[in-house]
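Trainee:
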Amino acid sequence: MRIIDIGPLVDGVKCYRIKDVKMKDKLFEVKVSQHHDECTCKKFVMCGILCRHAFCAVNQFDVVKIPRNLVLNRWSRLAENRLSSKFPSVTNGFGKVDNASLKATNIWFNVQKIMNKAGGNIEKLSYVKKTLKQLNSDLGDGTAMTKRAHIEQMIGSQPTEEITIHAPNQCKNKGSGLKRFIS
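Okay, so the sequence shown: first residue is 74 according to this note's numbering, each after it adds one.
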């Protein structure tokens, strides 16, 4: 992997042109800022994983810690909490994560920080438990979202009338044997 060209810093975004020798010398363009990263290979958009071109550019940009919005829940310890089933990471364009999903991700990271601060201290853990119970009672009984409501939230409302599907008309797909068509 070689950096061919480094563009000027414009509005906090620097553009790198990187030549990937493992992919038959293909050129990739990576735009990097302190909080965002875009690559023309679009691996982050398709898979949710930063590509090696982005890591190379981030390393050159002197980013010490990978920004939180580039770490999706499915690749972190929070994946076992199944956050993605309640708050999908619906993208509104290239690399922009839905606002509710971003807030939920930040909340999970904050809860993880609180648990790390509590550590093995019994008093701190009991305080966290008491606070979470109080927060749970304040929020009330939240009913789980149905699949239909979940899909309506993602793509909009569903059609109201019932759609009937009829069987297709039968046709001969082997030919009648009387005439042969020459093309």
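Idealized CB from N, CA, C, for every residue including glycine.
May I ask you to list the residues that DSSP assigns as paired with I195?
Mentor: Beta-bridge pairing links I195 to no other residue.
Trainee: What are the boundary residues of the alpha helix (DSSP H) that includes E102?
Mentor: Taken as a continuous stretch (DSSP letters only), E102 belongs to no alpha helix (DSSP H), being part of the beta strand (DSSP E) at 99-105.
Trainee: Could you give the distance in angstroms between the alpha-carbon of M74 and the alpha-carbon of C114?
Mentor: Going from the Cα of M74 to the Cα of C114 covers about 14 angstroms.
Trainee: Quick check on the DSSP output: the alpha helix (DSSP H) that includes I224 runs from which residue to which?
Mentor: 220-228
Trainee: Determine the DSSP secondary structure at K190, reduced to helix, strand or coil.
Mentor: K190 sits in a helix when the DSSP states are folded into three classes.
Trainee: On a Cα-Cα basis, can you pick out the residue from F101, M96, A173, S106 that is closest to P81?
Mentor: S106
Trainee: If I'm right that L145 touches G121 with Cβ under 8 angstroms, what's the distance once you round it to whole angstroms?
Mentor: 4 angstroms
Trainee: Can you check which of these residues, M188, A240, R125, is closest to K116 by C-alpha distance?
Mentor: R125
Trainee: Return the chain-ordered list of same chain residues with a C-beta closer than 8 angstroms to the C-beta of P140, the five sequence neighbours on each side being excluded.
Mentor: Q107, H108, H109, D110
Trainee: Going by C-alpha to C-alpha distance, which of A127, G229, H223 sits closest to I91?
Mentor: Here the closest residue by C-alpha is A127.
Trainee: Does the distance between the C-beta of T204 and the nearest non-hydrogen atom of the ligand NAP fall short of 7 angstroms?
Mentor: With respect to the ligand NAP, the structure shown offers nothing to examine, as it has no ligands at all.
Trainee: Using the three-state DSSP reduction, which class does I236 fall into: helix, strand or coil?
Mentor: coil
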